[in-house]
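Protein chains: 2
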Amino acid sequence: MKEPLRGKVSRRVFLKSVAVGLIGGQRGIMGNFEANREAFLTDVRGCPFVAFLPLSLTQVRLLDGFWHQKLVLLQEVTIPTQYERLRETGRLDNFLYAAGKLDHTTGLQWLAPDSDVYKWLEALSWSLTFDPRPSLVALADEVIGLIAGAQDSNGYLHTLFNREKKKERWTNLRDLHELYCAGHLMQAAVAHRRVTGSDALLNVAVRLADHINQTFGPNGKPEPDGHPEVEMALVELFRETKKPEYLSLAQFFLDQRGKGLLGGFPNIQDHLPFRQLREMTGHAVRALYLNCGAADIYGHTGEKALMDALLHMWRNMTERRMYVTGGLGARHEGETFGRDYELPSQTAYAETCAAVAGILWAWRMMLLTGSPSYADVLETILYNGALSGIGLDGQSYFYVNPLSDRGGHRRQPFYPCACCPPNIARLIPMVPGMLYGVSDNTIWVHFFAASQTTVSMPTGDITILQETNYPWSGDIQFRLELEQPTSFTFKIRIPAWTPSAQIFVNDHPSLSPRPGEYAQITREWRSGDSVMLSLEMKPQLLASHPWAESISGKVSLRRGPIIYCWEQVDNPGADVWSIYLSPDTPLQEQKGDGILSGIVLLKGQGWALPKGNHQPLYQPAGSLRSHLRPVSVTAVPYFAWANRTAGPMTVWLPLKP
Amino acid sequence: MKEPLRGKVSRRVFLKSVAVGLIGGQRGIMGNFEANREAFLTDVRGCPFVAFLPLSLTQVRLLDGFWHQKLVLLQEVTIPTQYERLRETGRLDNFLYAAGKLDHTTGLQWLAPDSDVYKWLEALSWSLTFDPRPSLVALADEVIGLIAGAQDSNGYLHTLFNREKKKERWTNLRDLHELYCAGHLMQAAVAHRRVTGSDALLNVAVRLADHINQTFGPNGKPEPDGHPEVEMALVELFRETKKPEYLSLAQFFLDQRGKGLLGGFPNIQDHLPFRQLREMTGHAVRALYLNCGAADIYGHTGEKALMDALLHMWRNMTERRMYVTGGLGARHEGETFGRDYELPSQTAYAETCAAVAGILWAWRMMLLTGSPSYADVLETILYNGALSGIGLDGQSYFYVNPLSDRGGHRRQPFYPCACCPPNIARLIPMVPGMLYGVSDNTIWVHFFAASQTTVSMPTGDITILQETNYPWSGDIQFRLELEQPTSFTFKIRIPAWTPSAQIFVNDHPSLSPRPGEYAQITREWRSGDSVMLSLEMKPQLLASHPWAESISGKVSLRRGPIIYCWEQVDNPGADVWSIYLSPDTPLQEQKGDGILSGIVLLKGQGWALPKGNHQPLYQPAGSLRSHLRPVSVTAVPYFAWANRTAGPMTVWLPLKP
């Protein structure tokens, strides 16, 4: 199905928009902020061990399309409603309580209520690069005021331990989440500073980081954090402040693991020194955040043992312990990775936070290696296991993302332990910062989204207009505007999922790009040049490795980067749990409507047991086959499930016997 | 493959053997025992709510064939080596210690060491009906002496609580296993009494039962047992002694469940009153033993609510919570049944004890209803999930019976918690007692085994010679000898697994029997009459209900009552975990050799990923298919696995995409 290119603007409008800054939200009224601030999602400038530099979020403007819609929804619905949830649940009051300005708060529950506020602030901050809505800017300032007011004079900050529980500070690194919350504060502060230029939150983070640095270290407390996060936050704070002690402290925390200081539990990655880890073990979010921190440290040290451990774990995860949706963490018990190939569908945990964490790790591996395989995994997680964590309404969420369900697993407006909603919220505005990269005389395109981007080169700015209806269409057109003709390499990722791709430069067929690699076009580029990339996006049935017990003998469905699922609401002819597919089932594309408007559905032919036909637990395969009747089956993107009438859903269907 | 009938003896020899009692072990020298003792496995004479009476074990003599070999091995290897294990592990010393005759014992570990001794004694006792070996008779007497010597003057008996822990008696019905051990003592005592006529052990059991009856009840302690077993034992002790208080006490224990007296835990079936149970919940062995007790009580009371609960649970188990091998209990955690359709292969628990317990329950349901479906399930468990619990060497065991493995799960000579070895040992000599039944003018044939059986009818004895090489052949010939022509119904079970069956009476085709029913032939029978039953035994691939996530999209293999598996040692061409089958794979029979001599193997054609061919976790189904190469695949009976070189094994193979 060829679709008209989305985000398409006439060249004349395009150039004018670039000039006056009209494209991409309300960029034109970013009056509050310094012009041309550099707001890097990950600031690896000066890191010796990276393959490319990302572009500042301020250099990439989304145009109408998939991610533009997500950002609008984020700012109009997600961030305001999450603010309400934070307020209602006492999470904001906690800061007033900690400051002594309230006698009571209902929010001092769970272990890390502060982190939900910080992640929400981070989401809000990054989103301001899309559209600096004054209401959001003001909301951030208000909350930053609350946070700053709650900080202890010595720099300590965690609302659970600011008043009557002061004596418990830093007494239980294994279970309490003080360093974890501190890390999220640092990340919010870095984001807010980079986007707005304000030091308001950064100063709070720095004072807390200094307090931590005085408390922990070779001459202080020895324990690392039971829930990693602070490691990558400290590296980013180092990058923002240039204070080398933060990098050292991050490394200290990493090095202290595996010494039994937290009890030696595998579930919190304390069973082995980090450099000896080879498998993804234990609590999924913790393991993934820890790897992010180690990757960040590697960017500065280039220590081979760190990268060896990361590479082993990456292989273990992507070859044996990752759902087809990119979901991570098989088990409810302990929220952990399971054994190799342990990937149950109905009882999958696949926490939304783990998907976000997986993306953050994949992004760091991309930065360190420039290898396209990391981008492939990142894209899979992003469009499936991560996006499934937020409803199409922008204000309902999944904590757990099973791959099959009988209809009881429904989206919630918030969770008592609310880590996931603000985590998926902060991920969405990061996406534009991951699209492009630059290295010596090279511009990298990692991901596809209708957008307009400006890259500064020694010969002047290069503006790239990316026109596409991705992920629904595999056609992506790049139009380049240059101040003067410039030789450089345009390096475009060809996703591994495509069976074939074509590239046209100025309408002439170019090289035959190979899936799973970066296509490189080196030439002298001139203003007006265009590159057309066409990725074959035929629906494909996927099979698993035979050792994956829950899914071998079954197939799932992919089109482009999107993994599909069968929901009951689209399949009145049979219970979707009783449908079988043939491996050669023809599949047609179909436009979604209503809440699925703009989404491509996939329609095909299956075989089903008639409803109400109770089959025995075991019977001859031929006998089962004799009960099957042809039935039309319709699949929707997995990320879009559970937004309509509740009912059975499955990502995998068994092969017809 | 037509096989010559096993267990075939010439008519002349047959009649002579009957006369002098030579067939079936060394029956001729049963001088120790009363002649013609009635040794009923389950003595339901006088129970108003049963469909048939089983035959006494002394009426059924196995002839050379599958079960004859098992009984010989049991007596020559299993019982003597288990005695050694019981001795080495201090389980026998425990009784001397309890009697004050030893200062120390190493056996006071785990919760129920005595029960292992009792179950072994039960195995030995029943086996004496096959062959009253004097050495075994003496061994039983020796151990009975130990047991009797340890009994407290008040009748109490449990070696863990006979000395320093006396105060702990009956203080923790939930976790300790005092009533459970008492139940196994009663069952051993009943078996020993029925087979030998001796009261030596029965007196011990009666004193203990009387002590329990004084301690528990409406005017005593109110708790039921945390591990059911005593209920069915008390009913059988009632049947043996005719003391009605034992039946009342069994019913009391049943009625006390679900009142929260044990904490209300579902894992020990205390969450609901028994009559409200509808699903198989919690610890599998406990649930199944409890149901046995309830079924036994029903036999005397006919209380509809009991049968309703049993029927609901039976349906729940056989339609949703039973492995294709008849294995019961999906989860390692708590040794429990899982959710509906939760039937993982690699992590299956399927404890050998649960298989034995499942057979004991199915046997009781057969007795109560006369329905062939219970016999079908019993046979499946017996030949697969239960027999897999003991090695072909007769002295190595499985506690856990997974349906797939990488080669690490190997048989052990014993277990610290050694419930399973003596449990499978006591099951084997019970089998002859389940083959036949009688009711008004009807002889029932439930199961097939080369055997010679005498049934007393008002008109005189009827002797039935059953000649067969079952379970390897589906041909079963019955030859009848009667004192005078007699009219009765010969009722033969036609297993549900057979696609078709034929019956010939005196070589003339008889009625067309329907699988899953009892075929009934009513006529005047005369000496020399023969009935030939021919069951089609073509290998069949089985498919599961689509909701069984771990196995839908896969097939398993059955021939007759035998479920097969693929072991690495027979399949050098590929890793058996990387083999796919087509639903129309042709299958040929092949004779086993070496340790598998006499066993039918099944050879077919599969498709495999080449060894060392590392596949990605997910790929297009067509891409996976392109890697598959034809490979010859050989399957062995599941019960025979893990007796040769260790390696991967699986019961289910995925369908070729």
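One line per chain: the protein sequences are A and B, in this order. Counting from 1101, one number per residue, gives the positions in the first sequence under the working numbering. Counting from 1101, one number per residue, gives the positions in the second sequence under the working numbering. Ideal Cβ placement from N, Cα and C applies to all residues, glycine included. As the structure is a computational prediction, the values presented were derived from the model and not from experiment.
- Under the 9 angstroms criterion on CB atoms, G1427 (chain B) is classed as non-interfacial with respect to chain A.
- Note that the stretch 1323-1331 of chain A touches the stretch 1379-1396 of chain A; at least 3 beta-carbon pairs, one per stretch, sit closer than 8 angstroms.
- Within a 10 Å sphere around the beta-carbon of E1451 (chain A) sit 16 or more other beta-carbons, which makes this residue buried.
- Listed in chain order, the non-local C-beta contacts of E1138 (chain B) below 6 angstroms within the same chain comprise S1156, local neighbours out to five positions each way being set aside.
- Ranked by Cα distance from R1510 (chain B), the first of B:T1745, B:T1271, B:V1335 is B:T1745.
- By the C-beta criterion, the stretch 1174-1185 of chain B is judged to be in contact with the stretch 1227-1240 of chain B, since at least 3 inter-stretch pairs fall below 8 angstroms.
- Against chain B, the beta carbon of W1677 (chain A) has neighbours under 8 angstroms at P1646, W1647, listed in chain order.
- Taking 9 angstroms as the threshold, the shortest C-beta distance from I1662 (chain B) to chain A does not fall below it.
- Residue pairing by DSSP puts F1604 (chain B) in a beta bridge opposite B:P1609, B:M1632.
- Proximity of chain A to P1521 (chain B) at the Cβ level (cut-off 7 angstroms) is not reached, the minimal Cβ distance being about 28 angstroms.
- For K1756 (chain A), the number of other beta carbons within 10 angstroms of its own is at least 16, and it is reported as buried.
- Contact annotation, L1221 (chain B) with M1530 (chain B): C-beta distance approximately 14 angstroms; criterion of less than 8 angstroms not satisfied.
- Per DSSP, reduced to three states, the secondary structure at Y1570 (chain A) is coil, with no helix or strand assignment.
- Nearest neighbour of S1473 (chain A) by Cα position, chosen from A:S1656, A:E1264, A:Y1618, turns out to be A:Y1618.
- Per DSSP, the unbroken beta strand (DSSP E) holding M1557 (chain A) starts and ends at 1551-1557.
- With respect to chain A, the C-beta atom of P1154 (chain B) has no partner C-beta closer than 9 angstroms.
- A distance below 9 angstroms separates the beta carbons of W1677 (chain B) and S1504 (chain B).
- With its beta carbon at least 9 angstroms from every one in chain A, L1224 (chain B) lies outside the interface.
- With 16 or more neighbouring CB atoms inside 10 Å of its own CB, K1170 (chain A) falls in the buried class.
- Looking at the DSSP output, H1383 (chain B) shares a beta bridge with B:T1436.
- About 5 angstroms separates the Cβ atoms of E1336 (chain A) and V1290 (chain A), confirming a contact at the 8 angstroms cut-off.
- In this structure, DSSP gives V1160 (chain B) an extended state, which the three-state scheme calls strand.
- The C-alpha of Q1566 (chain A) lies about 49 angstroms from the C-alpha of L1443 (chain B).
- Excluding residues up to 5 positions away in sequence, K1170, L1171, L1174 lie with their Cβ nearer than 7 angstroms to the Cβ of I1528 (chain B) in the same chain.
- Taking every protein chain shown into account, the CB of K1219 (chain B) has 16 or more other CB atoms within 10 angstroms, so this residue is buried.
- Chain A has no Cβ within less than 9 angstroms of the Cβ of E1689 (chain B).
- Contact annotation: in the stretch 1409-1425 of chain A, residues whose CB is within less than 8 angstroms of a CB in chain B are T1418, E1419, R1420, M1422, V1424.
- At least 9 angstroms separates the beta-carbon of C1665 (chain A) from that of A1601 (chain A).
- For a cut-off of 8 angstroms, the C-beta gap from D1575 (chain B) to S1627 (chain B) is around 22 angstroms, too long to register as a contact.
- Among the residues of the stretch 1626-1656 of chain B, those with a Cβ less than 9 angstroms away from any Cβ of chain A are Q1640, L1641, L1642, A1643, S1644, H1645, P1646, W1647, A1648, E1649, S1650, I1651, S1652, G1653, K1654, V1655, S1656, in the order of the chain.
- Note on the stretch 1179-1241 of chain A: whole alpha helix (DSSP H) runs with a minimum of 4 residues are 1179-1188, 1193-1198, 1213-1227, in chain order.
- Per DSSP, L1687 (chain B) is one residue of the beta strand (DSSP E) stretching across 1687-1691.
- One finds E1649 in chain A with Cβ atoms closer than 7 angstroms to the Cβ of S1445 (chain B), taken in chain order.
- CA-to-CA, the gap between D1310 (chain A) and F1739 (chain A) works out to about 41 angstroms.
- A1223 (chain B) is positioned such that its CB atom lies closer than 9 angstroms to that of I1179 (chain B).
- Counting only residues of its own chain and dropping the five nearest sequence neighbours on each side, R1464 (chain A) has a CB closer than 6 angstroms to the CB of C1392, A1395.
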